[in-house]
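Peer 1: Those protein sequences? They're chains P and W, same order as listed.
So the first sequence is numbered by my numbering: it starts at 6 and just counts up by one.
So the second sequence is numbered by my numbering: it starts at 6 and just counts up by one.
Even for Gly, the Cβ is constructed at its ideal location relative to N, Cα and C.
Given the structure is predicted, the values throughout are model-derived calculations rather than measurements.
Protein chains: 2
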Amino acid sequence: MAGKGRSRASGRPTLEQVAVEANVSRGTASRVVNGSLEVSPYALKAVRDAIRKLGYVPNQAARSLVTQRSDTVLLVVSESEDRVFGEPFFASIVRGLSQELSSTPLQLNLMMASTARQHDRVEQLVRNGHVDGVMLISLHGDDPLPQNLLAAGAPVALIGRPVADGGAVPYVDADNESGARAATEYLYQQGRRRIATITGPRDMAAGLDRLSGYRAALRGKRGVTRLVARGDFGQASGESAMRELLAKDPKLDAVFAASDPMAAGALRALWAAGRRVPDDVAVIGFDDSELARNTNPLLTSVSQPTQRMGRKLAELLITQLRDPDAKLAPVILPTELVRRESA
Amino acid sequence: MAGKGRSRASGRPTLEQVAVEANVSRGTASRVVNGSLEVSPYALKAVRDAIRKLGYVPNQAARSLVTQRSDTVLLVVSESEDRVFGEPFFASIVRGLSQELSSTPLQLNLMMASTARQHDRVEQLVRNGHVDGVMLISLHGDDPLPQNLLAAGAPVALIGRPVADGGAVPYVDADNESGARAATEYLYQQGRRRIATITGPRDMAAGLDRLSGYRAALRGKRGVTRLVARGDFGQASGESAMRELLAKDPKLDAVFAASDPMAAGALRALWAAGRRVPDDVAVIGFDDSELARNTNPLLTSVSQPTQRMGRKLAELLITQLRDPDAKLAPVILPTELVRRESA
DNA sequence: CAGCGATTTGGGAACGCTCCCATCCAACCT
DNA sequence: AGGTTGGATGGGAGCGTTCCCAAATCGCTG
Numbered sequence: 006m007a008g009k010g011r012s013r014a015s016g017r018p019t020l021e022q023v024a025v026e027a028n029v030s031r032g033t034a035s036r037v038v039n040g041s042l043e044v045s046p047y048a049l050k051a052v053r054d055a056i057r058k059l060g061y062v063p064n065q066a067a068r069s070l071v072t073q074r075s076d077t078v079l080l081v082v083s084e085s086e087d088r089v090f091g092e093p094f095f096a097s098i099v100r101g102l103s104q105e106l107s108s109t110p111l112q113l114n115l116m117m118a119s120t121a122r123q124h125d126r127v128e129q130l131v132r133n134g135h136v137d138g139v140m141l142i143s144l145h146g147d148d149p150l151p152q153n154l155l156a157a158g159a160p161v162a163l164i165g166r167p168v169a170d171g172g173a174v175p176y177v178d179a180d181n182e183s184g185a186r187a188a189t190e191y192l193y194q195q196g197r198r199r200i201a202t203i204t205g206p207r208d209m210a211a212g213l214d215r216l217s218g219y220r221a222a223l224r225g226k227r228g229v230t231r232l233v234a235r236g237d238f239g240q241a242s243g244e245s246a247m248r249e250l251l252a253k254d255p256k257l258d259a260v261f262a263a264s265d266p267m268a269a270g271a272l273r274a275l276w277a278a279g280r281r282v283p284d285d286v287a288v289i290g291f292d293d294s295e296l297a298r299n300t301n302p303l304l305t306s307v308s309q310p311t312q313r314m315g316r317k318l319a320e321l322l323i324t325q326l327r328d329p330d331a332k333l334a335p336v337i338l339p340t341e342l343v344r345r346e347s348a
Numbered sequence: 006m007a008g009k010g011r012s013r014a015s016g017r018p019t020l021e022q023v024a025v026e027a028n029v030s031r032g033t034a035s036r037v038v039n040g041s042l043e044v045s046p047y048a049l050k051a052v053r054d055a056i057r058k059l060g061y062v063p064n065q066a067a068r069s070l071v072t073q074r075s076d077t078v079l080l081v082v083s084e085s086e087d088r089v090f091g092e093p094f095f096a097s098i099v100r101g102l103s104q105e106l107s108s109t110p111l112q113l114n115l116m117m118a119s120t121a122r123q124h125d126r127v128e129q130l131v132r133n134g135h136v137d138g139v140m141l142i143s144l145h146g147d148d149p150l151p152q153n154l155l156a157a158g159a160p161v162a163l164i165g166r167p168v169a170d171g172g173a174v175p176y177v178d179a180d181n182e183s184g185a186r187a188a189t190e191y192l193y194q195q196g197r198r199r200i201a202t203i204t205g206p207r208d209m210a211a212g213l214d215r216l217s218g219y220r221a222a223l224r225g226k227r228g229v230t231r232l233v234a235r236g237d238f239g240q241a242s243g244e245s246a247m248r249e250l251l252a253k254d255p256k257l258d259a260v261f262a263a264s265d266p267m268a269a270g271a272l273r274a275l276w277a278a279g280r281r282v283p284d285d286v287a288v289i290g291f292d293d294s295e296l297a298r299n300t301n302p303l304l305t306s307v308s309q310p311t312q313r314m315g316r317k318l319a320e321l322l323i324t325q326l327r328d329p330d331a332k333l334a335p336v337i338l339p340t341e342l343v344r345r346e347s348a
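1) Going along chain W in order, which residues have a C-beta closer than 8 Å to the C-beta of L115/P?
2) Check distances from the C-beta atoms of the region 237-249 of chain P to those of chain W and list, in chain order, the residues that come in under 7 Å.
3) Would you mind reading off the limits of the alpha helix (DSSP H) that contains Q152/W?
4) Would a check of beta-carbon distances place L49/W closer than 8 Å to chain P?
5) Mind reading off the beta-carbon distance from F291/P to T202/P? Whole number of angstroms is fine, and I expect it under 8 Å.
6) Residue range of the alpha helix (DSSP H) that Y191/P falls in?
7) Helix, strand or coil for G290/W? Go by DSSP, reduced to three states.
8) For T305/P, which residues of its own chain have a beta-carbon under 6 Å away from its beta-carbon, when the five flanking residues on both sides are left out?
9) Tell me which residues share the same chain as D76/W and place their Cβ nearer than 8 Å to its Cβ, disregarding the 5 neighbours each side in the sequence.
10) Count the C-beta pairs between the region 156-171 of chain P and the region 186-193 of chain P that are closer than 8 Å, then say yes if the count reaches three, no if not.
11) Where does Q325/W sit, in a helix, a strand or coil, going by DSSP?
12) Can the beta-carbon of M267/P be found less than 8 Å from the beta-carbon of S242/P?
13) In the DSSP assignment, what are the bridge partners of M349/P?
14) Cutting at 7 Å between CB atoms, please list the residues of its own chain near F94/W, excluding the five before and the five after it.
15) With a threshold of 8 Å, are at least 3 pairs of Cβ atoms found where one atom belongs to the region 178-187 of chain P and the other to the region 239-259 of chain P?
16) Of all Cβ atoms in chain P, is any one closer than 8 Å to the Cβ of S69/W?
17) Can you pull the DSSP bridge partners for L79/W?
18) What does DSSP give as the partner residues of S2/W in its beta bridges?
19) Using a beta-carbon distance below 8 Å, is R316/W in contact with chain P?
20) Between the beta-carbon of V82/P and the beta-carbon of I142/P, is there less than 8 Å?
21) Determine the direct distance from the alpha carbon of R126/W to that of R186/P, and round the result to whole angstroms.
22) Using the three-state DSSP reduction, which class does Y61/P fall into: helix, strand or coil?
23) Take the Cβ of N28/W as the centre, count every other Cβ of all protein chains shown within 10 Å, and call the residue buried at 16 or more, exposed below.
24) Considering T33/P, what are the terminal residues of the alpha helix (DSSP H) in which it resides?
25) Is the distance from the Cβ of R273/P to the Cβ of T230/P below 8 Å?
26) Applying the criterion that 16 or more other CB atoms from any shown protein chain within 10 Å of the CB defines a buried residue, is E43/W buried or exposed?
27) Round the Cβ separation of A259/W and A287/W to the nearest angstrom and send it over; I've been treating them as touching at under 8 Å.
28) Please look up how many angstroms separate the CB atoms of M117/W and R100/P, rounded, as I've assumed it's under 8 Å.
29) Would you say N299/P and L296/W are within 8 Å of each other, going by their C-beta atoms?
30) Name the chain P residues whose beta carbon is nearer than 9 Å to that of Q195/W?
31) Flag this pair as yes or no: are the beta carbons of V177/W and L326/W separated by less than 8 Å?
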């Protein structure tokens, strides 16, 4: 009885078998599986019972073959090697992402793509229908990939505002500007009047926005000394920027660094220069990363809702998958100043 | 001509079209695509040219349907919520992984699976042939998932030695014991004689192995004071463990912490107690994480080759995919002591 | 009770590929 | 020269779905 035919190794039940078990046709069984409404309650129940009894699960390959969909979305991490910047985010964003995805039948595919060759591969994946949509977490804002994918007709969603935003690609980002503004204003309210900032690279939106937030906070304020030094989000750059600032204005009493590693670097430079934090100089970072919870003194930092960003990213893509013509506005999530010891 | 039939929207070329273009049969074209040797040089060239000309790429769904393989492997991150421990590793391991995978036709699927329901989903994925194999990066060593997957007949590979190792599941791990031993021996060689350790949780192999490394290093050494305090890999636990150790032996002159966050916590406690690092007390951490490069003083730490671990992990799985009966020994990768300022 | 629209159902025809078997042909052996 | 061998090739038969159209059934209405 069991296992007549030339059954393959995998004794996985097919829709046909479900249909036989339920005494209906393959077509009807398919309708039940796909939640079509045109099925009599009687047949519905019979098929459902059969499915349960046999432990039927649709064969994704067969389904994809005919529907021309893959029910898979791709997350591309387009990082230029070991940019430390990506790290703190990554795990958390992925977590949010997969949380959101888990309530859908969508699978998550992951690809690291730094080289141009890998970028090509991503495009190929899209063109060949291996994935239905692409999410991109990219570090350089001028990446041409999103535009290319869009041109290839695939839904795309981004983490981080693209520097050259054509407005075509929906993205989710933290409200970098207002986060930076809040941090700077906080310093001002604490009575600090010589407030410096260490910026990120100017080819990244996050760096630019945080700088404008700093500027906006101090705009129109009288009696405030402003100082700007450039960094690249890395710790070493923060340390040397801090030394530079200290040389320029030995009496500065506050620093807003556009990233936590830079803030940590600043902390070191201040310590080496004999300044006490926060007594002499207050320091605020950005990201509220693991790092902020481990420096000495603990770092006051602007927190981004990375997990929520991940969820939103998935949401943005899913919406487009459902309605390919949906025009989506960017999603800007609020940041929060987390007070610790350094300011 | 072009696009007779009821051609679908996606004008993707099929193998049939390649065959026509190359003036051979579908069968021959397939043989070329799959690298079969039984093809005449002439046909080989014709088909290759046609493939290039048409931009043909095999349809994975169709292929899977008949081969019953998915050419997809799954990475399951089985973490209990926000265990910070996972973070430093994650990105780096994934990078190594996908590097190794990029030279194969294998796709990488990612799933976060903390809850039991999600674990079930993983098993289903395997049973239904959606993935050909599973890699697991798990934080609790007593996870039953690997055994279950193995029972379901799927190749499995792990990062981190499972606590209850049946010997059945191949894994890759850093050489925790000898890393800890090297760190401890280094402290000893520096003339330290009151050497404490802050351990990890005892339900994790990494924690246990690092403790035995510490013990091994000091075994038989005379005139050395040993002190052990328990932590959980987290920064807070490191800080309080350090206080406890200081209370027990105010004169201790070195600490080996089984994780960087704990070392950072220890640094704080030492600083609060007025001890200078490394002058009064030397501190060594484990992981050589981002954190170690940002503390003050910079943390001397035991580095794990996380990226290589990722590559090896993939390799372990691929080997099994090629030869299902391959019996694989665990892969233990060497660690390295990275000297910075704290010791 | 015939007639008719609406609802539900059945099953053929792809989807694009691999597998396998039959066929073909050239080279080689006796 | 006939027979044999073996490599190269062609193409049919699925793989398990979904889609769609035709057929069956049902419930009313006139």
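Peer 2: To lay it out plainly:
1) Taking the first residue of the first sequence as position 1, residue 115/P is located at position 110. Here the neighbours are L80, V99, S103, L113, N114, L115.
2) Those would be Q240, in chain order.
3) Here residue 152/W refers to the residue found at position 147 when the second sequence is read from its first residue. Its alpha helix (DSSP H) spans residues 150-156.
4) Position 44 of the second sequence holds residue 49/W. Taking Cβ atoms only, chain P never reaches closer than 8 Å to L49/W, which makes this a no.
5) Here residue 291/P refers to the residue found at position 286 of the first sequence. Here residue 202/P refers to the residue found at position 197 of the first sequence. Not a contact, Cβ separation roughly 10 Å.
6) For this step, residue 191/P is matched to residue 186 along the first sequence. Boundaries of the alpha helix (DSSP H) around Y191/P: 181-194.
7) Numbered from its first residue, the second sequence carries residue 290/W at position 285. Looking at G290/W - three-state DSSP - the assignment turns out to be strand.
8) Against the first sequence, residue 305/P aligns to sequence position 300. I289, R344, R345, S347, A348, listed in sequence order.
9) In the second sequence, residue 76/W corresponds to position 71, counting from 1. Taking C-beta separations shorter than 8 Å and ignoring five residues to either side along the sequence, the partners of D76/W in its chain run Q65, R68, S69, P110, L111, Q112, D137, following chain order.
10) In short, these stretches do not touch, since the Cβ pair count stays below three.
11) Taking the first residue of the second sequence as 1, we reach residue 325/W at position 320. Residue state, collapsed to three classes: helix.
12) Residue numbering aside, residue 267/P sits at position 262 when the first sequence is read from its first letter. Residue numbering aside, residue 242/P sits at position 237 when the first sequence is read from its first letter. Against a cut-off of 8 Å, the Cβ pair of S242/P and M267/P comes out as a contact.
13) Outside the shown range of chain P (6 to 348) lies residue 349/P, about which nothing can therefore be said.
14) Taking the first residue of the second sequence as 1, we reach residue 94/W at position 89. Excluding positions up to five away in sequence, the list reads T311.
15) No, they do not touch.
16) The count along the second sequence starts at 1 and reaches residue 69/W at position 64. Chain P contact via Cβ: present.
17) Here the question's residue 79/W lines up with position 74 in the second sequence. L79/W is bridged by DSSP to N114/W, V139/W.
18) Any question about residue 2/W goes unanswered here, given that chain W covers just 6 to 348.
19) Translated into positions along the second sequence, residue 316/W becomes position 311. With its beta carbon at least 8 Å from every one in chain P, R316/W lies outside the interface.
20) Indexing the first sequence from 1 puts residue 82/P at position 77. Indexing the first sequence from 1 puts residue 142/P at position 137. Yes, Cβ-Cβ distance for V82/P and I142/P is below 8 Å.
21) Looking up residue 186/P in the first sequence gives position 181. Looking up residue 126/W in the second sequence gives position 121. R186/P and R126/W have their alpha carbons spaced roughly 44 Å apart.
22) For this step, residue 61/P is matched to residue 56 along the first sequence. Correct three-state label for Y61/P: coil.
23) As a working mapping, residue 28/W is identified with position 23 in the second sequence. Classification for N28/W: exposed.
24) Translated into the one-based positions of the first sequence, residue 33/P becomes position 28. For T33/P, the enclosing alpha helix (DSSP H) has its first and last residue at 31-38.
25) Walking along the first sequence from the start, residue 273/P turns up at place 268. Walking along the first sequence from the start, residue 230/P turns up at place 225. Result no, Cβ atoms of R273/P and T230/P do not sit closer than 8 Å.
26) Taking the second sequence and counting its residues from 1, the one referred to as residue 43/W is at position 38. Exposed is the call here.
27) Position 254 of the second sequence, counting from 1, holds the residue named residue 259/W. Position 282 of the second sequence, counting from 1, holds the residue named residue 287/W. With a contact defined as Cβ atoms closer than 8 Å, A259/W and A287/W qualify at about 4 Å.
28) Locating residue 117/W in the second sequence gives position 112, where the first residue counts as 1. Locating residue 100/P in the first sequence gives position 95, where the first residue counts as 1. Indeed they touch by this definition, with Cβ atoms about 6 Å apart.
29) Numbered from 1 along the first sequence, position 294 holds the residue referred to as residue 299/P. Numbered from 1 along the second sequence, position 291 holds the residue referred to as residue 296/W. Judged by beta-carbon spacing, L296/W lies within the 8 Å limit of N299/P, meaning their Cβ atoms are closer than that value.
30) Locating residue 195/W in the second sequence gives position 190, counting from the first residue. Residues of chain P passing the Cβ test: none, with the nearest at roughly 23 Å.
31) As a position in the second sequence, residue 177/W is number 172, starting the count at 1. As a position in the second sequence, residue 326/W is number 321, starting the count at 1. Not closer than 8 Å, so no.
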